[in-house]
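The structure appears right after this line, and notes come after that.
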Amino acid sequence: MEVLSSRILLRPADLDASRRFYRDVLGLAVHREFGPADDPGVVFFLGQGLLEVSGRSEGPSGRGPAIWLQVRDVHAERDRLAAAGVAISRGPVTEPWGLVEMWIADPDGTPIVIVEIPPDHPLRRDHRVLD
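Note that the working numbering has the sequence shown beginning at -8, numbered continuously upward.
In structure tokens, the structure reads:
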């Protein structure tokens, strides 16, 4: 699998407390924010990786981390992984936020989301203002 980018996903029980912890207490730099302005998901720089703190856990203490892997073609990866005997937890779906996501798990059950960013998605647009 050719991985284009990756991150660790946390779905905390208290999103605001976790955002404050990673931003204000640990002092991690913000890579980007997304979602509603009053309650955004945040992706932090984490050395040579990224940490996304978004959504909410369905349990009281938050579920464990997940791994986010961006690939060029999620459907080709689905076919390759299925042929290798990997159970696909959820096949590729275009999410409301525009990414195509598929879920699998590692042998210990750690969730892994395989993501394709479509060519017309805002993440692929150059948002710089050129003079």
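Glycine residues also receive a C-beta, built at the ideal position from the N, C-alpha and C atoms.
Identity of the residue in the options nearest residue i by Cα
i       : options                        : result
VAL34   : GLN61, ALA4 and ILE(-1)        : ILE(-1)
PRO56   : SER48, PHE36 and LEU90         : SER48
MET93   : TRP59, ARG23, VAL120 and ALA28 : TRP59
ILE105  : ARG81, GLU43, ARG116 and GLY76 : ARG81
GLY89   : ILE108, ASP30 and LEU19        : ILE108
LEU(-5) : ASP64, PRO27, VAL120 and ASP99 : ASP64
PRO110  : GLY40, SER9, GLN39 and VAL91   : VAL91
GLY46   : GLY26, GLY38 and GLN61         : GLY26
THR85   : ALA20, ASP30, GLU24 and HIS112 : HIS112
Range covered by the alpha helix (DSSP H) that runs through residue i
i     : result
ASP65 : The sequence given here places Val at residue 65; Asp does not occur at that position. Segment 65 to 74, the alpha helix (DSSP H) holding VAL65.
LEU6  : 6 to 11
Secondary structure of residue i, DSSP reduced to three states
i      : result
ARG23  : strand
VAL77  : coil
LEU114 : helix
ARG47  : coil
VAL16  : helix
DSSP bridge partner residues for residue i (one or two, in chain order)
i     : result
GLY40 : LEU37
VAL84 : GLU92
GLY32 : PHE25
Element boundaries [beta strand (DSSP E), containing residue i]
i      : result
VAL91  : 91 to 96
LEU102 : A small fix is needed here, since residue 102 is Pro in this sequence, not Leu. Where PRO102 is concerned, the enclosing beta strand (DSSP E) stretches over 102 to 107.
TRP59  : 57 to 61
LEU0   : -4 to 1
Min CB distance residue i to chain C below 9 Å
i     : result
VAL44 : Annotation note: the requested chain C is absent from the structure, which comprises a single protein chain.
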